[in-house]
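Engineer: Shown below is the structure under consideration.
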Amino acid sequence: MTRPLRSVRVHDFDLEQTLDCGQVFHWRRDGAGWIGVIGEHALRVEQRGEELIVPAGMETIAAHYFALDHPLAEICASFPDDPAMAAARDFCRGMRIVRQPAWECLATFITSSMKQVAHIAQISHTLRRRYGRCVKWDGAELFAYPAPEAMARLSETELRTCALGYRAKNLLGAARMIAEGQVDLAAVAAMGDAAARVELCRLPGVGEKVANCALLFGFERVRAFPIDVWIERVLRAIYFPRKRKVTARRLRDFSAGYFGEYGGYAQQYLFHYARKTWPRGGGKKLSPKKNGG
DNA sequence: CTCCAGGTTCCGG
DNA sequence: CCGGAACATGGA
Numbered sequence: 021m022t023r024p025l026r027s028v029r030v031h032d033f034d035l036e037q038t039l040d041c042g043q044v045f046h047w048r049r050d051g052a053g054w055i056g057v058i059g060e061h062a063l064r065v066e067q068r069g070e071e072l073i074v075p076a077g078m079e080t081i082a083a084h085y086f087a088l089d090h091p092l093a094e095i096c097a098s099f100p101d102d103p104a105m106a107a108a109r110d111f112c113r114g115m116r117i118v119r120q121p122a123w124e125c126l127a128t129f130i131t132s133s134m135k136q137v138a139h140i141a142q143i144s145h146t147l148r149r150r151y152g153r154c155v156k157w158d159g160a161e162l163f164a165y166p167a168p169e170a171m172a173r174l175s176e177t178e179l180r181t182c183a184l185g186y187r188a189k190n191l192l193g194a195a196r197m198i199a200e201g202q203v204d205l206a207a208v209a210a211m212g213d214a215a216a217r218v219e220l221c222r223l224p225g226v227g228e229k230v231a232n233c234a235l236l237f238g239f240e241r242v243r244a245f246p247i248d249v250w251i252e253r254v255l256r257a258i259y260f261p262r263k264r265k266v267t268a269r270r271l272r273d274f275s276a277g278y279f280g281e282y283g284g285y286a287q288q289y290l291f292h293y294a295r296k297t298w299p300r301g302g303g304k305k306l307s308p309k310k311n312g313g
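For the first sequence, my numbering assigns the number 21 to the initial residue and increments by one for each residue that follows.
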C-alpha cells in the first residue's frame, strides 16, 4: 500500500547537500531519494529539479522541516567576502539548516563527542530502534527518537550496550533532568541566545560546542557558531595562518564578530566544504591563500 | 597496531 | 584564563 505523492515547489534547495552535510544523522539513501523521520512522521523524500516529492499530507511538515522559507539568497549574500567563504558557498549551494526537533537534536549531539559522523548515525539508529516509537512508512519500519521520559527510565548499563561509551551517563543524565523538569526545553526556546546557551550547558555532556549545535540545528538560532575540530582547522588555516598560540577564546570571539547574523549557516557551509574537500587530518596541507579578516 | 573522531570535565599552573 | 589528561568505541 503506497501513499499517493505530492510535489512541493523548491528554489535554492539541494536535498543531497542538506541531508549529507553532517547536521542530521538518521536519514538513509533510498534510490534517488531519502527515507527518514520528521518528529513522529516517517516518510520518503526525493528531489527532482525544482520539485520535492513527498507523501500526500506531508507537504507542510516537509516544507517547515527543510526550512524552505529561509531566505537562502539573502543568507548567502550576508557571508563575509573572502575566498574560503566563496568556495564553501559555491560548493554547498542549496544547503539549508533544517528544523530538527529540539530534544532529538540535543541528544544526538550529546552522543557526538569524539565520534565520527558514521558512528553518530549508528548510535542514533540503535537508540531509535531499541527505545523509539515505531512509525511505518509503506511497509518499512522506521523509528522516532525516544522521548526524554522513555530514555530516563533506562539504566546506564542498558544504555551502554548501545556502544555509547562514556556518553551513556551524559545522555541519561540529560534525559532525566529534562524529564523531571529541571531543564525545560520549551522555556529554552523562548530565551535569548546567550541565556539559552547557559541553560543548555547545565545538562551533563553539554558544553559550548554541543550547546551551539543544539541552538543552531534544534532551536533555529542561525547565528550560533559551533567550533569543532574541523571548524577549528578551518579558522586556524584560513584566518590565522602561521600564527602560534591562537586560543579557543580568540577563535570564538573572532567567529562571533566576523561571520555575521547568519554565522551558523556560514559555519555549516565551511564545515561541509572542508570535510568533503580537505585531506583527512587536513589543514596543514592547505594553502592559506588570503586572509579574510 | 596506531591514530583520530562535530567534546566535556576536572585539575594544576 | 590556559594547557593536559581521562573518558569508550570503532573506522581508516
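Where a beta carbon is used, it is the ideal one built from N, C-alpha and C, also for glycine.
At what residues does the alpha helix (DSSP H) containing Trp157 begin and finish?
Structural biologist: Against the first sequence, residue 157 aligns to sequence position 137. Run containing Trp157: none in the alpha helix (DSSP H); it sits in the beta strand (DSSP E), Cys154 to Trp157.
Engineer: Using only CA atoms, which one of Ala122, Trp250 and Ala286 lies nearest to Ala194?
Structural biologist: As a first step, residue 194 must be located in the first sequence, where it is residue number 174. Selected option, being the one with the closest Cα: Ala122.
Engineer: Which first and last residues belong to the alpha helix (DSSP H) in which Leu179 is found?
Structural biologist: Locating residue 179 in the first sequence gives position 159, where the first residue counts as 1. It spans Glu176 to Arg180 - the alpha helix (DSSP H) in which Leu179 sits, taken as one unbroken run.
Engineer: Would you mind sorting Lys305 into buried or exposed? The rule is 16 or more other CB atoms within 10 Å of its CB.
Structural biologist: The residue labelled residue 305 in the question sits at position 285 within the first sequence. Legend: pLDDT at Lys305 = 34, less than 50; position of this residue unreliable, no value from coordinates given.
Engineer: Mapping the DSSP letters down to three states, classify Ser307 as helix, strand or coil.
Structural biologist: On the first sequence, residue 307 is found 287 positions in, with the first residue counted as 1. Low per-residue confidence applies at Ser307: pLDDT is 33, beneath 50, and the placement is therefore not dependable, though the value from the model is reported in the following sentence. It is coil, neither helix nor strand.
Engineer: What residue does the beta strand (DSSP E) around Gly67 start on, and which one ends it?
Structural biologist: For the purposes of this step, residue 67 is taken as residue 47 along the first sequence, with counting starting at 1. Residue 67 is actually Gln in this sequence, not Gly. His61 to Arg68 is the span of the beta strand (DSSP E), which, as asked, contains Gln67.
Engineer: Taking Cβ positions, are Val118 and Ala87 nearer each other than 8 Å?
Structural biologist: Mapped onto the first sequence, residue 118 falls at position 98. Mapped onto the first sequence, residue 87 falls at position 67. Contact flag set, yes.
Engineer: Taking all protein chains shown into account, do 16 or more other C-beta atoms lie within 10 angstroms of the C-beta of Lys229, making it buried, or fewer, making it exposed?
Structural biologist: The sequence position of residue 229 within the first sequence is 209, counting from 1. Lys229 is buried by the Cβ-count criterion.
Engineer: Can you have a look at Met105 and say buried or exposed, based on whether 16 or more other CB atoms are within 10 angstroms of its CB?
Structural biologist: Position 85 of the first sequence, counting from 1, holds the residue named residue 105. By the neighbour-count rule (16 or more Cβ atoms within 10 Å), Met105 is buried.
Engineer: Can you tell me which of the three DSSP states Gly358 falls into?
Structural biologist: No statement about residue 358 is possible, as the shown extent of the chain runs from 21 to 313 and does not include it.
Engineer: Going by CA-CA distance only, name the one from Asp213, Cys41, Val74 and Leu236 that's closest to Arg29.
Structural biologist: Taking the first sequence and counting its residues from 1, one reaches residue 29 at position 9. Selected option, being the one with the closest Cα: Val74.
Engineer: Please report how far the alpha carbon of Ala183 lies from the alpha carbon of Arg270, in whole angstroms.
Structural biologist: Within the first sequence, the letter at position 163 stands for residue 183. Within the first sequence, the letter at position 250 stands for residue 270. Roughly 35 Å separates the two Cα atoms.
Engineer: Of all the options Leu92, Asn232 and Glu60, which has the alpha carbon lying nearest to the alpha carbon of Ile251?
Structural biologist: Translated into the one-based positions of the first sequence, residue 251 becomes position 231. Among Leu92, Asn232 and Glu60, the Cα nearest to that of Ile251 belongs to Asn232.
Engineer: Just verifying my parser: in three-state terms, what is the DSSP assignment at Glu1?
Structural biologist: Shown here, the chain extends from 21 to 313; a query on residue 1 therefore has no answer.
Engineer: Extract the residue ranges of the alpha helix (DSSP H) inside the stretch 105–167, only unbroken runs of 4 or more that lie entirely within it.
Structural biologist: Within the stretch 105–167, the complete alpha helix (DSSP H) runs of at least 4 residues are 122–130 and 137–151.
Engineer: For the stretch 212–219 and the stretch 238–256, state whether three or more C-beta atom pairs, one from each stretch, are separated by less than 8 Å.
Structural biologist: Touching, yes.
Engineer: For Thr22, does the count of other Cβ atoms within 10 angstroms reach 16, so buried, or fall short, so exposed?
Structural biologist: Residue 22 sits at position 2 when you count from the first residue of the first sequence. The residue in question, Thr22, is exposed, as its Cβ has fewer than 16 Cβ neighbours within 10 Å.
Engineer: To the nearest angstrom, report how far apart Glu60 and Ala172 are at their CA atoms.
Structural biologist: Start at 1 with the first residue of the first sequence, and residue 60 comes out as number 40. Start at 1 with the first residue of the first sequence, and residue 172 comes out as number 152. Between Glu60 and Ala172, the C-alpha separation is close to 19 Å.
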